[in-house]
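With this note's numbering as the guide, the letters of the sequence shown map in order to residues 26 to 589.
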Amino acid sequence: MTLTSADLVPADAPVSRSWHPLSLLLVLAVWLSTLGNLPLWRAMWALTDTHGLRTWLGLVGMLLIVLSATTVLLSLLVWPRWRKPAGVLLLMVAAANSYFMFTYGVVIDPTMMANTVQTDVREVRDLLSWSMLVVLALGVVLPGWWWWRQPVQKLPVRRLLGRQLGLAALGTLLMLVVIWASFQDLASTMRNQKSMRYMLNPFNTLYASARLVIGQTAQARMPLQTIGEDAVLVRAPGSSQQPPLIVLVVGETVRAANFGLAGYARDTTPQLRQLQGSGELAYFADVSSCGTNTQVSVPCMFSHMGREAYAKNDTPYENLLDVLQRAGMQVLWLDNQSGCKGVCDRVPNASTLDLKDPALCPDGECFDEIMLRVLPERLAELDKARGSGPAAAGTVVVLHQMGNHGPAYFKRTPADMKVYQPECRSKVLQDCPAQEIVNAYDNAVRYTDHLLSQTVRWLKSQPRPTAMLYVSDHGESLGEKGLYLHGMPYMMAPKEQTHVPMVMWLSKPLQSQLGWDGACWQKQAAEPLSHDNLFHSVLTLAQVKTRWQKPELDVFAACASRRP
């Protein structure tokens, strides 16, 4: 950036007219350490009910550590050529982070940063609010305007370099001394309150961004690893050779706590309950998600690795859809959300983003039912593309829902399906009474119940064996313990964000083709499961075999072994 005469003032200019570069850096460091970290100070204040001398000393010690660390960071990174824009950028990062941490109780970690990068226009629009604009005005516009207008003394490069590095050394020394003096209390706090590690502005953003860039760069350099090279179709002896049609519905942000079939006080799943009562459907009551956000959970649930291995892995692998397609099945991904997170990159896929259906896509956003409206046409396109080639071994369709995507839960339900009233119609959930938030959320759960029952109805009309498997990608916090939305680091996430519903419906023809006893596959619904089971269980459901399948993670292994 080119500096103007207003930016640089001779060193011998009157002090009242200009700032020494280090003095201005210290002003920014104080702002970022205090007002820029209000969520951190609020969290530390709430750690104890008795705010005596030890509490105050702990806060002062932590403040000195944060101030010292911020001073070191600014001394090393902020130099004359980019001083003004760098300061405004840091103000913006601190204000935005503080707003989301204050409003929704989230923290800024690598997965949250990945979510931010992957966010589309619809999601950004849902997060915008007047309160956010006020925070940005007070935290960015006003101090940023002041910061940009301040004249700064021009110092020789060598002198400025020596002084800024000296300030960094002094800040490092002070930080180490305070850490040494308060190590016992500080170590205990950081060990027991791990979320605070991700609340420290702007270090949380720098750390998360670096981890994200390094991880993505490393993956981009690695070749995609093939799996399921040996995948083949198998059929039970004597079974019909009709190719099955399996619909996998990937739910969005539905937690088991508000799912009617899970024993919730409200019957948010009346249509699924009818199917369950007729013996056609099983509800899996104890299922854990692979992550607490879509960016992690969706790729992980289609992976062969499982949650723990996936979290440590940097190597790109093919996934369940690749294996099914390699075995000869037709695969289709329909998306009513912000994308498949790379899962559908190598299979036919389509998005509803540009659809203009006046009934199902008001205001430019489509209700999930639109996917059923376009599904027959998309399947016909698959058949046409195959032409006179070999018949497919079956078809697997993935419907990726908008589901209960927050915070605008009220936008996920058509007007004629809003059973619970009044519902929160604000994008700032803290502005609404707790019951109104739950009402809006439960209305969206009932709409998912409607979508799933309509999917089953459509599958029943198909002339071949069919099945539907639904599982949510992760859960949601609705204000419990001051948390809203999702995305907490898994190790500290509440159960509301990790306990998810899963439902399966099997047609009689497919049960017969599989050779499964109805009581067997429904019995598996009582077992503790997770997203780790999905890859291995869907392969059995689709009648595909590969050495990559693990029988111990196959929910239906016991049923398959009972084939005549």
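Just so you know, even glycine gets a beta-carbon here, dropped at the ideal spot from N, CA and C.
Computed from a predicted structure; not experimentally measured.
- Burial is judged here by how many other beta carbons sit within 10 angstroms of a residue's own beta carbon; Asn229 has at least 16 and is buried.
- Judged by DSSP in its simplified three-state form, Thr95 adopts helix.
- Within the DSSP secondary-structure output, Met493 pairs in a beta bridge with Val272, Trp530.
- Distances from the CA of Leu195 to each of Pro553, Leu249, Ile90 were compared; the closest alpha carbon is that of Ile90.
- Pro490 counts as buried, since at least 16 other C-beta atoms from the protein chains shown sit within 10 angstroms of its C-beta.
- Of Gln350, Ala120, Leu65, the smallest CA-CA separation from Val257 is found for Gln350.
- Within the DSSP secondary-structure output, Asp360 pairs in a beta bridge with Ser376, His425.
- Beta-bridge partners of Ser555 (DSSP): Ser313.
- Annotation for Val118: the continuous alpha helix (DSSP H) segment containing it runs 108-129.
- The residue from Gln241, Leu404, Leu385 with its alpha-carbon nearest to that of Gln355 is Leu404.
- In this structure, Gly543 sits near Gly304, with a CB-CB distance shorter than 8 Å.
- Measuring C-alpha to C-alpha distances from Gln547 to each of Ala465, Val103, Ala307, Ser562 identifies Ala307 as the nearest.
- Collapsing the DSSP output to three states places Lys506 in a helix.
- Here the C-alpha atom of Leu190 lies approximately 14 Å from the C-alpha atom of Thr95.
- Here Trp155 has no same chain residue with a Cβ atom under 6 Å from its own Cβ, once five neighbours each way along the sequence are excluded.
- Three or more beta-carbon pairs drawn from the stretch 431-443 and the stretch 464-471 are found closer than 8 Å, and the two stretches are therefore classed as touching.
- A Cβ-Cβ distance of about 20 Å is found for the pair Met517 and Ser123, leaving them out of contact under the 8 Å criterion.
- Taking a 10 Å sphere around the C-beta of Thr242, we find fewer than 16 other C-beta atoms and assign the residue as exposed.
- A Cβ-Cβ distance of about 7 Å is found for the pair Ser497 and Glu277, placing them in contact under the 8 Å criterion.
- Looking at the DSSP output, Leu306 shares a beta bridge with Trp530.
- Minimum Cα-Cα distance from Trp104 among the listed residues Leu153, His45, Ala68, Val160 corresponds to His45.
- Three or more Cβ pairs drawn from the stretch 310-321 and the stretch 502-520 lie within less than 8 Å of each other, which places the two stretches in contact.
- In this structure Met527 does not touch Met493 by the C-beta definition: roughly 11 Å separates them, more than the 8 Å allowed.
- With contacts defined as CB atoms closer than 8 Å, Gln218 and Leu88 fail to qualify as a contacting pair.
- Under the rule that a run must span 3 or more residues, the beta strand (DSSP E) segments found entirely inside the stretch 168-224 read 177-179.
- With contacts defined as CB atoms closer than 8 Å, Gln426 and Gln362 qualify as a contacting pair.
- According to DSSP, residue pairing for Gln296 in a beta bridge does not occur.
- A contact is defined here as three or more CB-CB pairs under 8 Å, and the stretch 321-341 meets this definition with respect to the stretch 358-372.
- Inter-residue distance for Met247 and Gly240 is about 11 Å (C-alpha atoms, whole angstroms).
- The shortest C-alpha to C-alpha distance from Ala121 to any of Gln143, Val149, Leu99 is the one to Val149.
- In the displayed model, Lys575 falls within coil according to three-state DSSP, outside both helix and strand.
- A direct Cα-to-Cα measurement between Pro488 and Pro534 gives close to 10 Å.
- According to DSSP, Gln250 shares a beta bridge with Tyr342.
- Assignment of beta-bridge partners to Gln355 by DSSP yields Thr420.
- DSSP places Val569 in the strand class (E or B) of the three-state scheme.
- The criterion of a C-beta distance shorter than 8 Å is satisfied by Val423 and Leu359.
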